[in-house]
Amino acid sequence: MTSPAGAARAPFPVADRVGRFNYAIRNIVAEARALEASGRRVRYLNIGDPVAFGFQTPPPMIAAVERALRDGHNGYGPSVGILPARQSIAGELTRRGFPVSPDRVVVTAGTSEAIELALGALVDPGGEVLVPVPTYPLYTAVLARLDAEARFYRLDAAQGWMPDLDHLRSLITPRTRAIVVIDPNNPTGAVYPPAVRRALIELAETHRLVLLADEVYGDVAYAGPVDPIGSLAPDAPIISCSSLSKGYLAPGWRTGWLAVGRSPLLDPVLAAVQKLADARLCSSVPMQHAIVAAIDGDRSHQAAFRAALHERAVLTTRRMNAIDGISCVEPQAAFYAMPKVALPPGRTDVDYVLGLLRATGVLCVYGSGFNTAAGDGFFRIVFLAPPAELDEMYGAIATFTDRFLHA
Ligand SMILES: Cc1ncc(COP(=O)(O)O)c(C=O)c1O
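Here's what the structure looks like:
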């Protein structure tokens, strides 16, 4: 069949779902690259990668991967992951109060794939999932791919970024399948107290929803590791997801896992996750060999990492709150702060963040990239750079903000 010459040259159309999400954390880099091309220096405070800022992957983990490569572990592995890795993950979760057996663990390409497999197993087209806002944008992206819908429940900056439980409850419909809980949280740095965690579990149980627990920052709360939410209710319908990316400083390895709670009500979900996992063969096998070294080996780097992050969190909050027009809740975990600038009418968080980039070379991410309203004036800072550099950048933010607000 021939087509008219013009049609033959038309670009191929892409699926609508691609237009249904944005990944601002990476999209915004295009603006920064353009600035760099014009000869300006850009400081990247946009992506949460500790390795990019000099924090080092523990050597025993690297040695374990090297050994695996040399020992010939270069073929496909079991789709659920190698048994020793699953034993370590199950052992760790069990020690920390969420008893799971290795056969309820699936090793994945990071928390990201764990989330994708879990949501893929749970949600049909048209299904709804309760997702926090400000959100981590992967959830919107995965749900767009599933032709499903994210319903955003509010995290409230005025309440230390705690979830607004009444708002969450009001969003539940017969189509709701799951509640996503990110604790400790990106982008807010909040850690939820037991009462809030219990209330979230109770909502899930009452409304027969699966609680999808994104626990990738569990080891990087400044007061010490946070136990999995499932430790409060081991029989509740909970799926816990985490990885080597943050607490074990190996984000580029794309190695993570999910663990399905022991409730028999979750057995079909586990089987569905395993079936989806079969179809993608396995996650990277040599990297799986580092999971035992990471979890059961020397974890002294974690205390040092937490202390380094705490120092930066305190500095960030102090410097932000000293700027006229900016307020910032002090993070309790991870490496993110979500300050709010009191925008003049008609201006957006994108105006502020792009203005900051062009004036100072400092790249943050606008809150609307995490689905907050553009007029609310939130922006996210990744504070992994050395404190002296952060201090200097915060000086630049202060000068710019004064000009932006009083121009
Ligand atoms: C809340 C949250 N979930 C998941 C991820 C993805 O983690 P992973 O590298 O394990 O896929 C991130 C990464 O920044 C995150 O902040």
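For the sequence shown, the residue numbers in our numbering are 23 to 429.
Glycine included, C-beta positions come from ideal geometry on N, C-alpha and C.
Per-residue DSSP class, three states only, for residue i
| i | result |
| --- | --- |
| A272 | coil |
| R173 | strand |
| E114 | helix |
| S349 | strand |
| Y388 | strand |
| P81 | helix |
| Y66 | strand |
| V122 | coil |
| S253 | helix |
| F426 | helix |
| P209 | coil |
| L287 | helix |
| P216 | helix |
| R334 | helix |
| L193 | coil |
| G142 | helix |
Bridge-paired residues (DSSP) for residue i
| i | result |
| --- | --- |
| E411 | According to DSSP, which records beta bridges pairwise, E411 is partnered with nothing at all. |
| I223 | None; I223 has no bridge partner. |
| E150 | E171 and T198 |
| L280 | V128 and C263 |
| A235 | V203 and S262 |
| K362 | S349 and F400 |
| A316 | Answer by DSSP bridge pairing: none, since A316 is not bridged. |
| D178 | M184 |
| V355 | Residue 355 is actually Ala in this sequence, not Val. A243, per the DSSP bridge assignment. |
| V375 | Its beta-bridge partners do not exist; DSSP assigns none. |
| V155 | R176 |
Given residue i as reference, the closest of the options once Cα atoms are compared
| i | options | result |
| --- | --- | --- |
| L292 | L168, P124, N68 and R42 | P124 |
| E150 | I194, G132 and V51 | I194 |
| Q324 | E53, V40 and F77 | F77 |
| T79 | D236, A235, R173 and Y270 | Y270 |
| D241 | A235, P250 and L234 | P250 |
| S262 | A418, V73 and T130 | T130 |
| Y175 | H95, P81, F392 and G142 | F392 |
| G389 | R380, A359, T382 and L337 | A359 |
| G278 | P216, I317, A245 and D289 | I317 |
| P338 | R321, A356, A326 and G99 | The question names Pro, yet the displayed sequence has Thr at residue 338. Checked all of R321, A356, A326 and G99; the closest Cα to T338 is A356. |
| S101 | A136, V73 and G119 | A136 |
| R199 | G377, L225 and V36 | L225 |
| T437 | Y98, P409, V387 and L141 | There is no way to answer for residue 437, as the model of the chain reaches only from 23 to 429. |
| E237 | Y66, G99, L115 and L57 | L115 |
| G417 | I69, A245 and V384 | V384 |
| R126 | Q296, R191 and R220 | Q296 |
| M415 | L427, Y374, A429 and L378 | L378 |
| D424 | A381, D413 and I403 | A381 |
| R42 | N68, R65, T162 and R118 | T162 |
| I204 | L160, L165, F75 and R167 | L160 |
| G37 | L152, G347 and R167 | The residue asked about is misnamed: residue 37 is Ala in this sequence, not Gly. Ranking the options by Cα distance to A37, first place goes to R167. |
| D373 | R118, N208, V351 and L427 | L427 |
| P367 | V351, I345 and D398 | D398 |
Status (buried if at least 16 other CB within 10 Å, exposed otherwise) for residue i
| i | result |
| --- | --- |
| T133 | buried |
| R92 | exposed |
| A59 | exposed |
| R302 | exposed |
| A315 | buried |
| I228 | It should be noted that the sequence gives Thr, not Ile, for residue 228. Per the 10 Å Cβ criterion, exposed. |
| E138 | buried |
| F400 | buried |
| Q181 | exposed |
| E411 | exposed |
| A299 | buried |
| S322 | exposed |
| N17 | Outside the shown range of the chain (23 to 429) lies residue 17, about which nothing can therefore be said. |
| D371 | buried |
| P353 | buried |
Distance cut-off 6 angstroms: residue i Cβ against heavy atoms of ligand 3
| i | result |
| --- | --- |
| I204 | In the structure shown, ligand 3 is absent; the only ligands present are ligand 1. |
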